[in-house]
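Residue numbers (my numbering), protein chains in the order written: chain E, 27 to 332; chain C, -18 to 417.
Given below as structure tokens:
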């Protein structure tokens, strides 16, 4: 594996499968009465979060603790960033204390590349701006594979705010790499220019996009996007793009519905779909811990497992 | 004192010369250009090596010297040192200093600093609007009287058509060209890179080419309406060149410039070789292959009138940040000639004479300033090019105070041998065999 995990492009196809296979073993640890192995004992991992996050930060922290790493969390509100320190200075100060890994969440695309250039510590991207969120895509792939036993050849529809979504960008990279047939749907105001060149189709009609889908992946709509004139109202968004039970019926009978969270019920997804039998949304969260354990373990140089 | 530049290839398109000539300089003026000029007892002879080119001093009509107010990025003195090292005998500096050059006090200050530096000539460009706020006109007659050669709100577009119309009409009275940085702010939004595949995959907010061309189209229409001279700064989008071309066919008094980075680089540089390199963040942004090729075509077919650098120095602390937080702009004075010789002349796209038109003749004409020719009696502003010199760009060797360039380490063919301003040798390249 490369030193850092900044984007899905950093991983070969074999490494992706290695992470998914390793995550299977990691999940088993979470089922034990004592959910802890000494694998990363003595390793220091800094969770450096410049954006609020509940799910991802908690998931990384649980993963780190189950592997016995020494972890500490730095959140923006308690850091010296408020005193006007640059990201580079913050990073160099943390680096001076010689952590083994830094898990970074930042509002600017490419922030983790900046850190990777100046830090000896391994950098794991936990979401950078609109760019990527690679561990989310890995846990999504893990969840899909668990249900469908494969990824190649599956029809995956991804629906929502394509423009601002880092989850979308990582999933497009990963799913196309593994041979899925990926179809995107969202308002034309929120489609990244030239995204078709990644080997995906873009359909404006969500009704067409979900036809025959094995997987429907919903993306979060940020409520303030109306101000940018991306769409007129949440009500209208739900009418045109919201995932309703009626739309789900156009997909395969065994379709699974995914959402990276946090969900806006009644905006991008109807509650009966989110809570319905096809929903694997909470499984995604559970799998996130196992997948992140696998990533941490493999990046640390795959020391002997206990 | 007289100095004879003997035996070089003289390229002086304004006088239709391209061949082996001697150039005799007497004091600060060109005395004669001819073959086998007689050598007086008080004439020092400079033997110009074979292959070197003697041409009128190059003029960069778009630079940011940052003084007053941002001397940590550049000063008039360091900017002028960079200019002459890059072969420029004159630069026109934009008014977005702190405070803005919208009054005689700032203009005079810049000119005083330029006189103290005593390197390149400096032609200040005054603001179109007071404080570059786009509300009311700056005191343009006062700026003219103090020494401004043009007006521009560069860095900001002139947002309303009405103010742009008035600026063209009013500045036209003093025969001052209005230089517009064309950008529809609403379309640009908070964009930081060209809207296209690279920005999309990197998650960077996009700026479409139309954000520029929409305002170019507006300005061309206003130039036609007012019949006043309009110059479009740093054209980057193919649609903008089409608008300029259209205006020219209609006889509108419009000219335009292109920067070396827009005819050399594309937005592929955002992703590779160094992802999110803030030294490829500039405004307007690097665009795609089609736009880059359109710039080259415009240079060849004559739509483009000038090559200007938009030299925009920034301190490395300011650039060593997240991509979306970094300021726009790169330096250009010390790379423009090598890039132009390599990518335009040696590639066979244009002749050397055409390059001199783009970098000397036309900038002088557009700004109505002296220079651009080796006519007898003209100021002895002369650039000596070494067109076949192998140059490795090195930021460490640069004279600009700032090092924000994406071209560090590039190997290019063509460089500067020496620069003379008013007959005085202000730069000699130590790596060439030329004894001045």
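Even glycine gets a Cβ: it sits at the ideal position worked out from N, Cα and C.
Taking 8 Å as the threshold, the shortest C-beta distance from residue 127/E to chain C does not fall below it.
Here DSSP, grouped into helix, strand and coil, assigns residue 366/C to strand. In summary, no residue of the stretch 236 to 258 of chain E has a CB separated from any CB of chain C by less than 7 Å. Under the Cβ criterion (8 Å, minimum of three pairs), the stretch 207 to 214 of chain E counts as touching the stretch 176 to 191 of chain E. Contact of residue 160/E with chain C by beta-carbon distance below 7 Å is absent, the smallest such distance being about 12 Å.
The beta-carbon of residue 273/C is placed no less than 8 Å from the nearest beta-carbon of chain E.
Looking at the DSSP output, residue 39/C sits in a beta bridge with 69/C.
The contact set of residue 218/E on chain C, defined by CB atoms closer than 7 Å, consists of 181 in chain order. When beta bridges are read from the DSSP output, residue 146/E appears opposite no residue.
In the structure shown, residue 218/E falls within a coil segment according to DSSP collapsed to helix, strand and coil. If the five residues before and after residue 106/C are omitted, its C-beta is found closer than 7 Å to the C-beta atoms of 73, 74, 75, 76, 129, 130, 131, 132, 133 and 160, all from its own chain and listed in chain order. Residue 269/E carries a strand assignment under DSSP once its states are collapsed to helix, strand and coil. Spatial neighbours of residue -8/C in its own chain (CB-CB distance under 6 Å, excluding positions within 5 residues in sequence) are listed in chain order as -1, 34, 36, 333, 334 and 337.
Against residue 224/E, the close residues of chain C are 182, in the order they occur along the chain (beta-carbon pairs closer than 8 Å). Distance from the CA atom of residue 397/C to the CA atom of residue 170/C, rounded to whole angstroms, is 40 Å. Within the DSSP secondary-structure output, residue 86/E pairs in no beta bridge.
Residue-level contact check: residue 137/E touches chain C, since one or more beta carbons of chain C fall below 8 Å from its beta carbon. Apart from the 5 residues on each side of it in sequence, residue 144/C sits with its Cβ closer than 7 Å to the Cβ of 110 and 115 in its chain, given in chain order.
Taking a contact to require three or more Cβ pairs closer than 8 Å, the stretch 20 to 32 of chain C and the stretch 184 to 200 of chain C do not qualify as touching. Annotation: Cβ neighbours of residue 301/C in chain E (cutoff 7 Å, chain order): 114. At a cut-off of 8 Å between C-beta atoms, residue 155/E counts as an interface residue with respect to chain C. Contact between the stretch 362 to 377 of chain C and the stretch 45 to 52 of chain C is absent: fewer than 3 CB-CB pairs across the two stretches fall below 8 Å. At a beta-carbon threshold of 7 Å, the residues of chain C lying near residue 134/E are 303, 304, 305 and 306, ordered along the chain. Between the C-alpha atoms of residue 289/C and residue 88/C there is a straight-line separation of about 21 Å.
Here residue 322/E really is in contact with residue 127/E; their C-beta atoms are around 7 Å apart, less than 8 Å. Within the stretch 252 to 269 of chain C, contact with chain E at the beta-carbon level (separation under 7 Å) is assigned to 256 and 257.
Remark: three or more beta-carbon pairs, one from each stretch, lie closer than 8 Å, so the stretch 306 to 315 of chain E and the stretch 156 to 169 of chain E are flagged as touching. Contacts with chain C at 8 Å (Cβ-Cβ) include residue 140/E. Bounds of the beta strand (DSSP E) holding residue 238/C are 235 to 239. Residue 310/C and residue 303/C have their alpha carbons spaced roughly 15 Å apart. When only Cα atoms are considered, residue 234/E and residue 228/C end up about 45 Å apart. Secondary structure at residue 392/C: strand, using DSSP grouped into helix, strand and coil. Straight-line spacing of the CA atoms in residue 389/C and residue 378/C works out to 10 Å.
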